[in-house]
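Peer 1:
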Amino acid sequence: MNTLTRKILMASTGLFLSFFLLIHFLGNTQLFLDEQTAQHNFNAYSHFLSGNALIKVVSYVLYLSIIAHAVYALIITIQNKKSSGKYKKDNRGRASKWYKRNMGILGTIILLFLVMHFQNFWYVYKFGDIGLDPAGNKDLYTVVVTAFQQLWIVIVYVIAMIALFYHLIHGLSSGIRTLGLFHPKYVRWVAFFGIAYSVIICVGFALMPIYIYITH
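Each residue of the sequence shown is one higher than the one before, counting from 2 in this note's numbering.
#1: Spatial neighbours of ALA161 within its chain, please: C-beta separation below 6 Å, excluding the five flanking residues on both sides.
#2: Can you tell me whether DSSP reads LEU50 as helix, strand or coil?
#3: Just mark PHE128 as buried or exposed, buried being the case when its beta carbon has 16 or more other beta carbons within 10 Å.
#4: With distances taken from CA atoms, which of TYR61, PRO135, HIS171 and ILE56 is nearest HIS41?
#5: My parser needs the alpha helix (DSSP H) runs of 4 or more residues fully inside the segment 31–85; what are they?
#6: Give every residue of the same chain whose Cβ lies closer than 6 Å to the Cβ of ILE213, excluding the five residues on either side of it in the sequence, and list them in chain order.
#7: Here's the rule I'm using: 16 or more other beta-carbon atoms within 10 Å means buried, otherwise exposed. How should HIS217 be labelled?
#8: Count the C-beta pairs between the segment 189–199 and the segment 28–40 that are closer than 8 Å, then say yes if the count reaches three, no if not.
#9: By the DSSP assignment, the alpha helix (DSSP H) with LEU187 in it spans what residues?
#10: Thinking just about the alpha-carbon of each residue, which of LEU27, ILE106 and THR143 is nearest to the one in ILE79?
#11: From LEU173, ALA207, MET209 and LEU208, pick the residue whose C-alpha is nearest to that of MET11; which is it?
#12: Please report how far the alpha carbon of ALA54 lies from the alpha carbon of ILE201, in whole angstroms.
#13: With which residues is LYS139 paired in a DSSP beta bridge?
#14: What is the residue span of the alpha helix (DSSP H) that TRP153 lies within?
#15: According to DSSP, simplified to helix, strand and coil, what is ARG93?
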């Protein structure tokens, strides 16, 4: 598989994951409702996701996309390091944004966060004994609230969202360019969309644990 193909797969999986973030974000906004309503709606939403056949297929695509995105990112990073070593060092990198030069580090932070996130919620929901809510659904809401009453977990989530913010800003515009989905005259609009999307998603996700920590 050549470098161009890897970059296309990186872009495709990255944009898919970015779209999934929006769906995940919209579902999780139910956590901002009053406690009783949030528990009922969030648990019903989680039950629907776990029992719907189409959603299960999408979930498998999601898992594969995360793995593929991480693997190809690692391969491309290693190749870039090797390539840069063949040339005399210059200062052109100083002209680029720091987060563009450190996408590997940001991606690693996000990957470690995902491992923690899956362990705290997905694994517990699938394989743990978490009890049922009054409607008879698994009470994932209580698991979430319990987790976010620990300050260190809240801090980790906020840091992860900061890393995700910078990762998305570059990743969205880079992915769109790689796939050739834009015209040069719309470069500014693509950049604006990437920033706006990143702010909404990352600030929204960061506020969820903060809101639960403060109000419970």
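Yeah, the Cβ is synthetic: ideal placement off N, Cα and C, and Gly gets one too. Because the structure is a prediction, the values reported are computed rather than measured.
Peer 2: Taking the geometry as given:
#1: Position 160 of the sequence shown, counting from 1, holds the residue named residue 161. Excluding sequence neighbours, ALA161 sits near PHE114.
#2: Numbered from 1 along the sequence shown, position 49 holds the residue referred to as residue 50. Correct three-state label for LEU50: helix.
#3: Residue 128 sits at position 127 when you count from the first residue of the sequence shown. PHE128 comes out exposed.
#4: Taking the sequence shown and counting its residues from 1, the one referred to as residue 41 is at position 40. Here the closest residue by C-alpha is PRO135.
#5: 36–52 and 54–85
#6: Taking the sequence shown and counting its residues from 1, the one referred to as residue 213 is at position 212. If we look at ILE213 and ignore the five residues flanking it on each side, its Cβ neighbours are VAL146 and PHE149.
#7: Residue numbering aside, residue 217 sits at position 216 when the sequence shown is read from its first letter. Flag for HIS217 reads exposed.
#8: Fewer than three beta-carbon pairs drawn from the segment 189–199 and the segment 28–40 are found closer than 8 Å, and the two stretches are therefore not classed as touching.
#9: One-based indexing of the sequence shown puts residue 187 at position 186. This sequence places Tyr at residue 187; Leu is not what is there. Neither: TYR187 is in no alpha helix (DSSP H) and is coded neither H nor E.
#10: For the purposes of this step, residue 79 is identified with residue 78 of the sequence shown, where counting begins at 1. By alpha-carbon distance to ILE79, the top candidate from LEU27, ILE106 and THR143 is ILE106.
#11: Start at 1 with the first residue of the sequence shown, and residue 11 comes out as number 10. Nearest option by C-alpha distance: LEU173.
#12: Translated into the one-based positions of the sequence shown, residue 54 becomes position 53. Translated into the one-based positions of the sequence shown, residue 201 becomes position 200. Roughly 30 Å between the two C-alpha positions.
#13: Stepping through the sequence shown from its first residue, residue 139 is reached at position 138. Partner(s): LEU133.
#14: For the purposes of this step, residue 153 is taken as residue 152 along the sequence shown, with counting starting at 1. From DSSP, the alpha helix (DSSP H) with TRP153 extends over 152–179.
#15: Position 92 of the sequence shown holds residue 93. Any reading at ARG93 is ruled out, since the residue's pLDDT is 48, under 50, leaving its predicted position unreliable.
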